[in-house]
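**Student:** The structure's right below; bear with me while I get my questions together.
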DNA sequence: CGGGTTGTCAACCGATGGGTTGAGAATGGA
DNA sequence: TCCATTCTCAACCCATCGGTTGACAACCCG
């Protein structure tokens, strides 16, 4: 299919699945438990769970007829790693941009710390 | 359409779009610049950009014929807020579970205090 | 003006996604 | 053994997605 990061993002792009994940932080739950709040068939919930499982966000075991669902929260790090990496890169760049702008406004070499007077006036 | 959080997750579920976002952390870029590395039409890239824009991850301005694309990294927080919230809930629960297991293995009543003195005694 | 550059809009196409219903597998309990 | 419970598999439906091509809008420049 696709890489895991894509599958994780895709899995969480659905509000129902996000809600399931949220509720699983309260502890494991059966498919029926998970399905209860939603106005859809059990089969639909079962499909959602397969998506979450495919993304590695969830694992399932067996317990009599029940299939307890367990949240695997470590996968969250896959996303936070990606996000933080680029958030940080973006921030660093803004910092450099601010420096450049400060230079342009005050080319004496001593940067006026604090307020970056201009802001959107590129070009 | 859908809520913004869903749109952001969905936008980043595509590897091409993630790569675009990644490259935009190096600075604004035109549609052509962004399209260059990929073996797809300019129109396809234009569509990807509309998705990113719809998610609020990107804004576009005008500069002669060009349409510079600018990354709006603040939106990342939407995700990190959600993720951290539930990652933390999950962790807390694991801590409580560990406490319970410690109790079961050592029912003398005095928890083998390693760390986090309180925390698990709610409800 | 006319032409080149840059990008969007519109229509279409095949694949995928989220939903349904119907059938049945797996297990526990009477 | 037979039944109830819990859940999955399979087929289908329709909307959306990512891609295409073709037309054209917006802008600069000679």
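Chains as they are written, first to last, in this note's numbering: chain A, 1 to 123; chain B, 124 to 246.
From the three backbone atoms N, C-alpha and C, an ideal C-beta is built for every residue, glycine too.
Note that the coordinates shown come from a computational prediction; the quantities given were computed from them, not determined experimentally.
1. Can you give me the Cβ contacts of residue 190(B) inside the same chain, cut-off strictly under 8 angstroms, excluding the 5 residues immediately before and after it?
2. List the residues that DSSP assigns as beta-bridge partners of residue 182(B).
3. Hey, how far is the Cα of residue 48(A) from the Cα of residue 146(B)?
4. Taking only the alpha-carbon atoms, compute the straight-line gap between residue 156(B) and residue 169(B) and give it to the nearest angstrom.
5. Are the CB atoms of residue 64(A) and residue 136(B) within a distance shorter than 8 angstroms?
6. What does residue 185(B) touch in chain A if you count any residue whose Cβ is under 8 angstroms from its own?
7. If we ignore side chains and look at the alpha-carbon of each, how far apart do residue 161(B) and residue 134(B) end up?
8. Can you tell me whether DSSP reads residue 158(B) as helix, strand or coil?
9. State yes or no: is the C-beta of residue 28(A) within less than 8 angstroms of the C-beta of residue 69(A)?
10. So, are the CB atoms of residue 56(A) and residue 95(A) less than 8 angstroms apart?
11. If we cut at 8 angstroms on Cβ distances, does residue 142(B) have a partner in chain A?
12. If you reduce the DSSP assignment to three classes, tell me which class residue 11(A) lands in.
13. State the DSSP-derived secondary structure class of residue 152(B), mapped to helix, strand or coil.
14. Going by DSSP in three states, residue 142(B) sits in which element: helix, strand or coil?
15. What separation, rounded to the nearest whole angstrom, lies between the Cα atoms of residue 204(B) and residue 131(B)?
16. Taking C-alpha atoms, which residue in 196(B), 165(B), 212(B) lies nearest to residue 144(B)?
17. Of all Cβ atoms in chain B, is any one closer than 8 angstroms to the Cβ of residue 78(A)?
**Tutor:** In short:
1. 153, 154, 183, 184
2. 193(B)
3. 32 angstroms
4. 12 angstroms
5. no
6. Under the 8 angstroms cutoff, chain A gives no residues; its nearest Cβ is about 10 angstroms from residue 185(B).
7. Rounded to the nearest angstrom, the two C-alpha atoms are 17 angstroms apart.
8. helix
9. yes
10. no
11. No, because no Cβ of chain A sits closer than 8 angstroms to the Cβ of residue 142(B).
12. In the structure shown, residue 11(A) adopts helical secondary structure according to DSSP, grouped into three states.
13. strand
14. Looking at residue 142(B) - three-state DSSP - the assignment turns out to be helix.
15. Cα-Cα distance, rounded: 13 angstroms.
16. 196(B)
17. no
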